[in-house]
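K.L.:
Let me give you the structure first, and then I'll get to my questions.
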Amino acid sequence: MKKLINTAFIYVIAAISCGVFYREFTKFMGFEGRTALAFTHLHLFVLGTVIFLLLASFTVQTDLTEQKRFKAFFTLYNIGLPFMVIMLIIRGVLQVMKVPLSTGANAAISGIAGIAHIILTAAIVLLFTCLKKLSVKNA
Numbered sequence: 059m060k061k062l063i064n065t066a067f068i069y070v071i072a073a074i075s076c077g078v079f080y081r082e083f084t085k086f087m088g089f090e091g092r093t094a095l096a097f098t099h100l101h102l103f104v105l106g107t108v109i110f111l112l113l114a115s116f117t118v119q120t121d122l123t124e125q126k127r128f129k130a131f132f133t134l135y136n137i138g139l140p141f142m143v144i145m146l147i148i149r150g151v152l153q154v155m156k157v158p159l160s161t162g163a164n165a166a167i168s169g170i171a172g173i174a175h176i177i178l179t180a181a182i183v184l185l186f187t188c189l190k191k192l193s194v195k196n197a
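Counted the way our numbering counts, the sequence shown spans residues 59 to 197.
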């Protein structure tokens, strides 16, 4: 449980940092409008902090972290989420700086973000297999 709470805490720090970066960077650059940077804050809060706090609460009454596939979920998820957020940051910074992207560069950013989404999807499938096999402690 402590590992899950520590992970949630790391994601909350990252979420706050991304929110401050988004606000200050767009203000400094004089950018007005929507950018991918706006989504980094929310993704880290919800998919990072909230998910791991919920999982920590599950471990109080279940053997979730003792499930065979939980470690694989934890590893994949913590690779996929930061990977996806990094691609959002790259795309957002380029949008704010008004850097014209070639078709290839745009496709590369989208492709790498797509790989991150696939990794997250695999992790979520692993999590659901763990959730289906839960046994309740002290029942």
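We put the CB at the ideal spot given by N, CA and C, even for glycine.
Since the structure is predicted, the reported quantities are computational estimates derived from the model, not experimental observations.
Secondary structure at T93, three-state DSSP: helix, strand or coil?
P.N.:
Within the sequence shown, residue 93 is the residue found at index 35, counting from 1. Coil, per DSSP.
K.L.:
Less than 8 Å between the beta carbons of I109 and M145, yes or no?
P.N.:
By one-based count along the sequence shown, residue 109 stands at place 51. By one-based count along the sequence shown, residue 145 stands at place 87. No.
K.L.:
Taking three-plus beta-carbon pairs below 8 Å as touching, is the segment 127–135 in contact with the segment 71–86?
P.N.:
no
K.L.:
For M155, which of helix, strand or coil comes out of DSSP?
P.N.:
Along the sequence shown, one-based indexing puts residue 155 at 97. Correct three-state label for M155: coil.
K.L.:
What first and last residue would you give for the alpha helix (DSSP H) that runs through F86?
P.N.:
By 1-based counting over the sequence shown, the position of residue 86 is 28. Here the alpha helix (DSSP H) through F86 covers K60 to M87.
K.L.:
Any chance the segment 85–96 sits against the segment 147–161, with 3 or more Cβ pairs inside 8 Å?
P.N.:
yes
K.L.:
Exposed or buried, what is A165 when buried is set at 16 or more other beta-carbons lying within 10 Å of its beta-carbon?
P.N.:
Translated into the one-based positions of the sequence shown, residue 165 becomes position 107. A165 comes out exposed.
K.L.:
Give me the Cα-Cα distance between G169 and V143, rounded to the nearest whole angstrom.
P.N.:
Start at 1 with the first residue of the sequence shown, and residue 169 comes out as number 111. Start at 1 with the first residue of the sequence shown, and residue 143 comes out as number 85. So the two alpha carbons sit approximately 14 Å from each other.
K.L.:
Among residues of its own chain, excluding the 5 on either side of L192, which ones have a beta-carbon nearer than 8 Å to its beta-carbon?
P.N.:
Reading the sequence shown from its first residue, position 134 is the one you call residue 192. Once the five neighbours on either side are set aside, the close Cβ partners of L192 are F116, T120, D121, L122 and Q125.
K.L.:
Does the Cβ-Cβ distance between Y80 and G106 come in under 8 Å?
P.N.:
On the sequence shown, residue 80 is found 22 positions in, with the first residue counted as 1. On the sequence shown, residue 106 is found 48 positions in, with the first residue counted as 1. Contact flag unset, no.
K.L.:
Would A66 pass as a contact of L111 if the rule is Cβ separation under 8 Å?
P.N.:
Indexing the sequence shown from 1 puts residue 66 at position 8. Indexing the sequence shown from 1 puts residue 111 at position 53. Less than 8 Å divides the Cβ of A66 from the Cβ of L111.
K.L.:
Who are the Cβ neighbours of A114 in its own chain at under 6 Å, not counting the five residues just before and after it?
P.N.:
To locate residue 114, count along the sequence shown from 1; it is residue 56. Contacts found: M59, L62 and I63.
K.L.:
In terms of alpha-carbon separation, which member of T187, G138, L102 and T84 lies closest to I173?
P.N.:
Taking the sequence shown and counting its residues from 1, one reaches residue 173 at position 115. Here the closest residue by C-alpha is G138.
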